[in-house]
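Residue numbers (our numbering): 234 to 313.
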């Protein structure tokens, strides 16, 4: 396999879909969707180039803080 451009979306037969983060004649690093970062020997690596852009990662959702009022009401109700 040849040196791949950063940002290239690929499909690996074992690790699935990923994005090339670094590539030079010796090593290629890919961030896979489900397996994280993996480093390969560029000449030995086999992968299928995918023409479409990688999917945008979902923004982490913020959890709302629980209100202290219901907890106090339950504690007061249990004392009686």
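C-beta atoms are modelled at their ideal positions from N, C-alpha and C, and glycine is treated no differently.
* Thinking C-beta only, is residue 265 closer than 8 Å to residue 242? -> Against the chain shown, residue 242 aligns to sequence position 9. Against the chain shown, residue 265 aligns to sequence position 32. In this structure, residue 242 keeps its C-beta atom at 8 Å or more from the C-beta atom of residue 265.
* Asked: Looking only at DSSP bridge pairs, what is residue 279 linked to?
  -> Numbered from 1 along the chain shown, position 46 holds the residue referred to as residue 279. According to DSSP, residue 279 bridges with nothing at all.
* Asked: Out of 296, 295, 281, 238, which has the shortest C-alpha to C-alpha gap to residue 257?
  -> If you number the chain shown from 1, residue 257 lands on position 24. Out of 296, 295, 281, 238, 238 has the C-alpha closest to the C-alpha of residue 257.
* Where does residue 241 sit, in a helix, a strand or coil, going by DSSP? -> The count along the chain shown starts at 1 and reaches residue 241 at position 8. Coil at residue 241, not helix or strand.
* **Counted within 10 angstroms of its Cβ, other Cβ atoms place residue 261 as buried (16 or more) or exposed** => By 1-based counting over the chain shown, the position of residue 261 is 28. A buried status is given to residue 261, since no fewer than 16 other beta-carbon atoms sit within 10 Å of its beta-carbon.
* The beta strand (DSSP E) with residue 267 in it runs from where to where? -> Counting from one through the chain shown, the residue named residue 267 turns up at place 34. For residue 267, no beta strand (DSSP E) run applies, since DSSP gives it neither H nor E.
* Asked: If we ignore side chains and look at the alpha-carbon of each, how far apart do residue 275 and residue 268 end up?
  -> Looking up residue 275 in the chain shown gives position 42. Looking up residue 268 in the chain shown gives position 35. The alpha-carbon atoms of residue 275 and residue 268 are separated by roughly 19 Å.
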